[in-house]
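**Student:** Residues in the sequence shown are numbered from 1013 upward in steps of one, following my numbering. We put the CB at the ideal spot given by N, CA and C, even for glycine.
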Amino acid sequence: MNLLRKLLFPFAILYGLITSIRNFLFDKGILKSYSFDLPIIAVGNLSVGGTGKTPQIEYLIRLLSDKYKIATLSRGYKRQSNGFVLADATSDATILGDEPFQFFQKFATIQVAVDADRKNGIERLLGQQEKPEVILLDDAFQHRKVKAGFYILLTSYGDLYSNDIVLPTGNLRESSSGAKRANVVIVTKCPSNLSLDEQNEIKNKLKIAENQQLYFTYIDYDEYIYSENKKIKVDEIKSFDKVLVAGIAKPEPFFAYLQNANDASLSFPDHHNFTDKDILEIKNLAQNNIIITTEKDYVRLKGSLPNEQLFYLPIKSSFISGSENFDKTILNYVERSTTNRKLY
1013 MNLLRKLLFP FAILYGLITS IRNFLFDKGI LKSYSFDLPI IAVGNLSVGG TGKTPQIEYL
1073 IRLLSDKYKI ATLSRGYKRQ SNGFVLADAT SDATILGDEP FQFFQKFATI QVAVDADRKN
1133 GIERLLGQQE KPEVILLDDA FQHRKVKAGF YILLTSYGDL YSNDIVLPTG NLRESSSGAK
1193 RANVVIVTKC PSNLSLDEQN EIKNKLKIAE NQQLYFTYID YDEYIYSENK KIKVDEIKSF
1253 DKVLVAGIAK PEPFFAYLQN ANDASLSFPD HHNFTDKDIL EIKNLAQNNI IITTEKDYVR
1313 LKGSLPNEQL FYLPIKSSFI SGSENFDKTI LNYVERSTTN RKLY
C-alpha cells in the first residue's frame, strides 16, 4: 500500500460509513429497490478492477441461451454514447463499450443492451417487441435500485475481499459485509490445481454463510488465436517473434501464456481507448510480426491494425470442481422463477 493511500485512510472511513448507511437504507426499504417479473441474475464484485466478470457472464450465456431468450445489460464503461442503447448492426465498441460489444459479436441469438440506469434499462428491454426471458446484469452488485433474483459475487484469488478495505485506501467499493447479499461466491483466477486444503482455508477467510455456495474457477485459454479470417494453434506461434498487447487489469497471465524471450509486450490501462499514438507505437514495434491481444482489446483495435497481423486469444472461466452443481443451481432458479411468472 503506497503512502498516499495510507494518508487517505480517514476518507476510507468516511466512504465506508456512507456506503454502509446506503446499504442499511436499502435493506430496510427506506430507499426503494425495484423487482421485475422475470429471472434477473446479477454478476459483480466488491472491488474495483478485474475479477473476471466477462468470462462469467459468457459462461451464463452458454448455459442458458439454448433454452431461454437472454439479454445482457451493462453500464457500457467508457462508451461514447448516453442513455439506453440496444445493440444492432450499426453498433461498435465506442457505442456499447468493449465488453458488451464482445457479447454482441460472439452470441448472435441474445440481446445486448447498455444503460447506466439499470432500472430504466430493464424497463426498456421489457418494452421491446422481442422481450427477454432472462436478464443478466453485468457489474451490478452495488446497483441496489434494482433487486435481482440471484446474485453472483466474484473475488480474485490472491486478492480476496476479506483481505481488503474500502476506497481510497483499499480497493473495495463497499465493506466486505456486503458479501452477505450473494447467493453464490466464486473465487476466480485460481491455479487450476488449487488444493482442497487451500479451498477450505479461503472459505474460512471469506466467512461463507450456510445459505451461500462457494466455487473456485480458473482462466482457461483457448488452444487457438484468431484473426478476422484465420486461426493458428497457440503451440505453433509460441516460438514466433510477436507483439503482445493488453489493456486489462492484470495482464501478466496473458503475457506468460504466450510469451517467449524475444517477444515485446505493451500493457495499457483496463478498458483503454487506443489513440493514434498508441496504434503507431504498436505498428512500429511489430513491423511484420503478428500482434496478439485480448478478446476485449481486439474489438477496439480491429480496423486500426492490419487484419493479417492482428489476432486475439479467447479465454473462458472453468470450474475446478462443482460445475454441475453450479449449473443446476442457476437452471433451477431460472426455471422456478419462470414457472412462478406463468402461474401468476
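So Q1068 packs on L1206, CB below 8 Å; how close in whole Å?
**Tutor:** Taking the sequence shown and counting its residues from 1, one reaches residue 1068 at position 56. Taking the sequence shown and counting its residues from 1, one reaches residue 1206 at position 194. Incorrect: roughly 17 Å between the Cβ atoms, too far for contact.
**Student:** For the stretch 1312–1329 and the stretch 1026–1037, state whether three or more C-beta atom pairs, one from each stretch, are separated by less than 8 Å.
**Tutor:** No, they do not touch.
**Student:** By DSSP's criteria, V1178 is part of a beta bridge. Which residues make up the other side?
**Tutor:** What you label residue 1178 is simply residue 166 of the sequence shown in a count that begins at 1. According to DSSP, V1178 bridges with L1184.
**Student:** On a Cα-Cα basis, can you pick out the residue from N1014, G1139 and I1304 that is closest to E1240?
**Tutor:** Position 228 of the sequence shown, counted from the first residue, corresponds to residue 1240. The shortest Cα separation from E1240 among N1014, G1139 and I1304 belongs to I1304.
**Student:** When we look at the beta-carbon of N1175 and count the other beta-carbons within 10 Å, is it buried (16 or more) or exposed?
**Tutor:** Residue numbering aside, residue 1175 sits at position 163 when the sequence shown is read from its first letter. That one is exposed.
**Student:** With a cut-off of 8 Å on the beta carbons, I'd call V1055 and D1171 a contact; round off their distance for me.
**Tutor:** Residue mapping note: residue 1055 aligns to position 43 of the sequence shown, counting from 1. Residue mapping note: residue 1171 aligns to position 159 of the sequence shown, counting from 1. 17 Å between Cβ atoms; not a contact.
**Student:** Tell me whether the beta-carbon of L1058 lies closer than 7 Å to the beta-carbon of G1139.
**Tutor:** For the purposes of this step, residue 1058 is taken as residue 46 along the sequence shown, with counting starting at 1. For the purposes of this step, residue 1139 is taken as residue 127 along the sequence shown, with counting starting at 1. Not closer than 7 Å, so no.
**Student:** By how many angstroms is the C-alpha of E1248 removed from the C-alpha of Q1117?
**Tutor:** As a first step, residue 1117 is located in the sequence shown; it is residue number 105 there, counting from the start. As a first step, residue 1248 is located in the sequence shown; it is residue number 236 there, counting from the start. Each residue's Cα considered, the two are about 26 Å apart.
**Student:** Excluding the five sequence neighbours on either side, which residues of its own chain have a C-beta within less than 6 Å of the C-beta of S1316, listed in chain order?
**Tutor:** For the purposes of this step, residue 1316 is taken as the residue at position 304 of the sequence shown. For S1316, where only same-chain residues beyond five positions count, the Cβ hits under 6 Å are I1291.
**Student:** Out of curiosity, what's the CA-to-CA distance linking I1122 and I1053?
**Tutor:** Counting from one through the sequence shown, the residue named residue 1122 turns up at place 110. Counting from one through the sequence shown, the residue named residue 1053 turns up at place 41. The alpha-carbon atoms of I1122 and I1053 are separated by roughly 15 Å.
**Student:** When we look at the beta-carbon of Y1046 and count the other beta-carbons within 10 Å, is it buried (16 or more) or exposed?
**Tutor:** Taking the sequence shown and counting its residues from 1, one reaches residue 1046 at position 34. Burial call: exposed.
**Student:** Unbroken alpha helix (DSSP H) runs of length 4 or more, entirely within the stretch 1042–1117: which are they?
**Tutor:** Entirely contained in the stretch 1042–1117, the alpha helix (DSSP H) runs reaching 4 residues are, in chain order, 1065–1076 and 1105–1108.
**Student:** Taking the C-alpha atoms as reference points, what is the distance between L1076 and R1017?
**Tutor:** On the sequence shown, residue 1076 is found 64 positions in, with the first residue counted as 1. On the sequence shown, residue 1017 is found 5 positions in, with the first residue counted as 1. When rounded, the distance between both Cα atoms is 42 Å.
**Student:** Could you say if the stretch 1069–1089 and the stretch 1210–1217 meet the contact criterion of at least three C-beta pairs nearer than 8 Å?
**Tutor:** Flag = no, the stretch 1069–1089 and the stretch 1210–1217 do not touch.
**Student:** I1164 to N1300, Cα distance in whole Å?
**Tutor:** If you number the sequence shown from 1, residue 1164 lands on position 152. If you number the sequence shown from 1, residue 1300 lands on position 288. Computed Cα separation, rounded: 44 Å.
**Student:** Take L1184 and list the residues in its own chain whose beta-carbon comes closer than 7 Å to its own, dropping the five residues that flank it on each side.
**Tutor:** Counted from its first residue, the sequence shown places residue 1184 at position 172. The answer, listed in chain order, is L1058, S1059, Y1173, D1176, I1177 and V1178.
**Student:** In the DSSP assignment, what are the bridge partners of F1331?
**Tutor:** For this step, residue 1331 is matched to residue 319 along the sequence shown. DSSP lists T1229 as partners of F1331.
**Student:** Can you tell me which of L1072, A1128 and F1228 puts its alpha carbon nearest to the alpha carbon of Q1092?
**Tutor:** Your numbering for residue 1092 matches position 80 in the sequence shown. It is A1128.
**Student:** Classify Y1356 as helix, strand or coil using the three-state DSSP reduction.
**Tutor:** Stepping through the sequence shown from its first residue, residue 1356 is reached at position 344. Low local confidence applies: a pLDDT of 47 at Y1356 is under 50, so the model's placement there is unreliable, with the coordinate-based value given in what follows. It is coil, neither helix nor strand.
**Student:** Using a Cβ-Cβ cutoff of less than 6 Å, which residues in the same chain neighbour L1043 once the five nearest sequence positions on both sides are dropped?
**Tutor:** Within the sequence shown, numbered from 1, the residue matching residue 1043 stands at position 31. The residues are L1037.
**Student:** Compute the Euclidean distance between the alpha carbons of L1313 and S1349, then round it to the nearest angstrom.
**Tutor:** Translated into positions along the sequence shown, residue 1313 becomes position 301. Translated into positions along the sequence shown, residue 1349 becomes position 337. Those two C-alpha atoms are separated by around 40 Å.
**Student:** What is the DSSP secondary structure of Q1211, counted as helix, strand or coil?
**Tutor:** The residue labelled residue 1211 in the question sits at position 199 within the sequence shown. Residue state, collapsed to three classes: helix.
**Student:** Here's the rule: buried if 16 or more other CB atoms are within 10 angstroms of the residue's CB, otherwise exposed. What is A1268?
**Tutor:** As a working mapping, residue 1268 is identified with position 256 in the sequence shown. That one is exposed.
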